[in-house]
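Residues in the sequence shown are numbered consecutively from 2, following this note's numbering.
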Amino acid sequence: MKDKRSLHLKVQELCDCYATTDPLREMSALKSDSDREEAALKWLALAALHGVNANAEKISITRSASGEVTVKAEYRITELPSPGAEIGEKIIAAAREITHLEGDKAKSPLALGIRDSGIDIQIKVKKDEKGEKLTLNFPG
């Protein structure tokens with residue numbers, strides 16, 4: 002039976018677990034993770050850690066109408082490793098569930114404890130005929 006604890010708590014635990022790792026290397030390995038739900042939560046934790054470590058303004062994951070998933074970070078325009086279509090879809094769904102975002106366009110803060118400090122990340126989702134985009138906006 003799967004653990005039905007809060008997804009938010011699980012992301013926080015994963016932030017703590019991966020705090021001393023290389024988030025980009027860990028993100029690259031997620032495509033081959035067999036537990037897609039767990040991989041989606043790991044991605045959210047790793048994206049938060051990478052954003053904090055790299056002083057990112059925002060990280061966006063976009064799923065096109067055809068299912069292709071791309072990830073971009075804004076601090077310098079660069080593509081991050083894509084988690085793949087199936088995990089990408091689960092990442093967006095998990096973020097929506099954690100922050101209770103509904104509809105085609107919404108935003109909400111997400112408070113994450115990382116080790117002995119915390120961060121408030123602004124989560125935004127936008128969905129249209131072209132696809133769906135989830136953006137993690139990091140504080141300045």
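Idealized CB from N, CA, C, for every residue including glycine.
The model shown is predicted, which means the values in this text are computed figures rather than measured ones.
Item: Sequence-distant residues of the same chain with beta carbon closer than 7 Å to ASP129, five excluded per side; Value: ASP105
Item: Extent of the continuous alpha helix (DSSP H) to which ASP17 belongs; Value: 8 to 19
Item: In DSSP terms, what ASP121 is bridged to; Value: ALA112
Item: Continuous beta strand (DSSP E) stretch holding ASN138: start and end; Value: 132 to 138
Item: Contact set for LYS59: own chain, Cβ-Cβ below 7 Å, skip 5 residues either direction; Value: GLU75, THR136, LEU137, ASN138 and PHE139
Item: Chain-order list of residues whose beta-carbon lies under 6 Å from that of GLU114 (same chain, five-residue window excluded); Value: Position check: residue 114 holds Gly in this sequence, whereas Glu was assumed. Taken in chain order, the residues that qualify are GLN13.
Item: C-alpha distance - CYS16 paired with ARG26, whole-angstrom precision; Value: 15 Å
Item: Top-ranked residue by Cα proximity to MET28, from VAL126, LYS11 and GLU80; Value: GLU80
Item: Other residues of its chain near LYS11: CB distance less than 6 Å, five sequence neighbours each side excluded; Value: LEU42
Item: Cβ pair ILE120, HIS9 closer than 8 Å; Value: no
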